[in-house]
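Read in the UniProt record's numbering, the sequence shown has 39 at position 39, and its numbers run on one by one without any break.
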Amino acid sequence: INIVLVALYIFFTIAAVTINPADKEVREKQRSRGKKVPPLDPRHNHVIENFYCNLCELPISSSRTKHCKCCNKCISDFDHHCKWLNNCVGNRNYGYFIGILIAACLSLSLSTCLSTLLSITYFSDQGSGQWILPYHNFWMTNPNGTTQNLNALIDSGKFLCLSSSHY
């Protein structure tokens, strides 16, 4: 099951990163003209005014379209610029971004449950159900449990990075 979750995580990540989240008009203009959007400058404190982007030189169709300072392009239904993906999250890749979060959370939950179950099984006496304390032998006699614990720790780190790097 965890392999499927990891595969889904990789698929959603690749999809979210490779899809250009820019507004449709911006993509078409860049394709037809081959002209790049000029860099941000202090003249335009409000890049989008009256449903018109001063940098992209295009009318904007939605009030939720924003010009991203990092990507320097207009993003329809702009949610945020994701440092983790190094891409904006908007209308075109929002579903894939949610898929990344769900796959990461499910993988972390599964790894944590399996790690906890393996640890409880290892540290309890199967006959009486009482706890035993063989900590000195744990790392050498239970490589699967060790691997599972390390996997849960790594997954926790990935989840913390993923959840803390958004603004």
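The C-beta atom is built at its ideal place from N, Cα and C for all residues, glycine as well.
Residues bridged to residue i [DSSP beta-bridge criterion]
i     : result
Pro21 : Answer is none; Pro21 lacks a bridge partner.
Glu49 : Tyr52
Leu58 : Cys53
Asn91 : For Asn91, which the question treats as bridged, DSSP gives no partner whatsoever.
Cys82 : Asn87
Alpha carbon of residue i to alpha carbon of residue j, nearest angstrom
i      : j      : result
Leu55  : Ser61  : 15 angstroms
Tyr167 : Cys82  : A caution first: Tyr167 carries a pLDDT of 42, below 50, which makes its placement in the model too unreliable to give a value.
Asp79  : Tyr122 : 45 angstroms
Lys24  : Ile100 : 24 angstroms
Asn20  : Trp84  : 16 angstroms
Tyr9   : Ile1   : 12 angstroms
Gly90  : Ile14  : 15 angstroms
Thr147 : Ala103 : 20 angstroms
Cys161 : Cys113 : 20 angstroms
Selection from the options that minimises the alpha carbon distance to residue i
i     : options                        : result
Lys69 : Thr121, Ala22, Leu8 and Ser156 : Ala22
Within 8 angstroms, strictly: CB atoms of residue i and residue j
i      : j      : result
Cys71  : Cys53  : no
Ile48  : Lys73  : no
Asp155 : Ser119 : no
Ser115 : Ala152 : yes
Beta-carbon contacts of residue i that lie in its chain and below 8 angstroms, excluding the five residues immediately before and after
i           : result
residue 170 : Shown here, the chain extends from 1 to 167; a query on residue 170 therefore has no answer.
Phe97       : Phe12, Ala16, Asp79, Cys82, Leu85 and Val89
Neighbourhood of residue i by C-beta distance below 6 angstroms, restricted to the same chain and skipping five residues each side
i     : result
Val17 : Leu85 and Asn87
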